[in-house]
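I have placed the structure first, in the form of structure tokens, so that the comments after it can refer back to it.
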Amino acid sequence: MARPTIAVVNDDPAFLELMQDLLNDENYSTVLLREGNGAYDAIRQQRPELVILDLRLEHPEAGWKTLELVRLDPETTDIPVIVCSADTRALRDKEDWLRDRDVKILEKPFNLDDLLTMVRDAIGSPAQADG
Numbered sequence: 001m002a003r004p005t006i007a008v009v010n011d012d013p014a015f016l017e018l019m020q021d022l023l024n025d026e027n028y029s030t031v032l033l034r035e036g037n038g039a040y041d042a043i044r045q046q047r048p049e050l051v052i053l054d055l056r057l058e059h060p061e062a063g064w065k066t067l068e069l070v071r072l073d074p075e076t077t078d079i080p081v082i083v084c085s086a087d088t089r090a091l092r093d094k095e096d097w098l099r100d101r102d103v104k105i106l107e108k109p110f111n112l113d114d115l116l117t118m119v120r121d122a123i124g125s126p127a128q129a130d131g
């Protein structure tokens with residue numbers, strides 16, 4: 001069985017590299033996207049099992065727009081999403097909105113083990129997918 005695919009949307013190349021290394025080491029496949037502009041189309045086309053989305057990308061609303069498009073589209077609405085952002089104020093202001101859309105929240109900075117736990121809770125581990 002193919003490795004579960006995770007789309008990571010973030011404008012920081014170092015963060016993308018870290019996520020790729022971490023997730024690949026855990027036997028997940030990754031799709032790395034640097035901009036909200038086009039991220040929704042890539043998610044719709046690639047159909048990852050999970051999206052890890054930064055909310056502040058090339059402009060402050062880009063991540064929010066991407067998230068809204070993913071949740072509004074019947075083809076992508078069921079894909080689990082973890083938002084990770086250092087903008088704790090925005091996360092708290094929109095916490096109910098995010099939870100109503102079954103979006104998990106991970107504030108930056110975060111512990112890598114916490115991220116991996118959230119990933120496994122959302123889509124299981126690759127070993128479970130193979131079994």
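In terms of the UniProt record's numbering, the sequence shown has 1 at position 1, counting the first letter as 1, and numbering is strictly consecutive.
Ideal placement from N, C-alpha and C gives every residue a C-beta, glycine not left out.
These figures come from a predicted structure and were not determined experimentally.
Open item on the list: With three or more C-beta pairs closer than 8 Å as the rule, is the segment 73–87 touching the segment 101–112?
Closed with: Output reads yes: the segment 73–87 touches the segment 101–112.
Open item on the list: Considering only their Cβ atoms, is the gap separating GLN46 from VAL31 smaller than 9 Å?
Closed with: Going by beta carbons, VAL31 and GLN46 fall inside the 9 Å limit.
TODO: Whole angstroms is fine: what's the gap from GLU58's alpha carbon to ILE43's?
DONE: Rounded to whole angstroms, GLU58 to ILE43 spans 17 Å at the Cα level.
Task: DSSP-derived helix/strand/coil call for ILE52 - done: Strand.
Task: Distance CB(ILE6)-CB(TYR28) smaller than 9 Å - done: Result yes, Cβ atoms of ILE6 and TYR28 sit closer than 9 Å.
Task: Close Cβ partners of ALA122 (< 6 Å) along its chain, the five nearest in sequence each way excluded - done: Excluding sequence neighbours, ALA122 sits near LEU50 and PRO80.
Task: Selection from ASP87, ARG92, ARG34 and ASP96 that minimises the alpha carbon distance to THR66 - done: It is ARG34 whose Cα lies nearest to the Cα of THR66.
Task: Short Cβ contact (9 Å threshold) for ASN10 with ASP54 - done: Yes, these two residues count as a Cβ contact at 9 Å.
Task: Neighbourhood of MET118 by C-beta distance below 7 Å, restricted to the same chain and skipping five residues each side - done: Counting only Cβ-Cβ distances below 7 Å, and skipping sequence neighbours, we find ILE82, LYS104 and LEU106.
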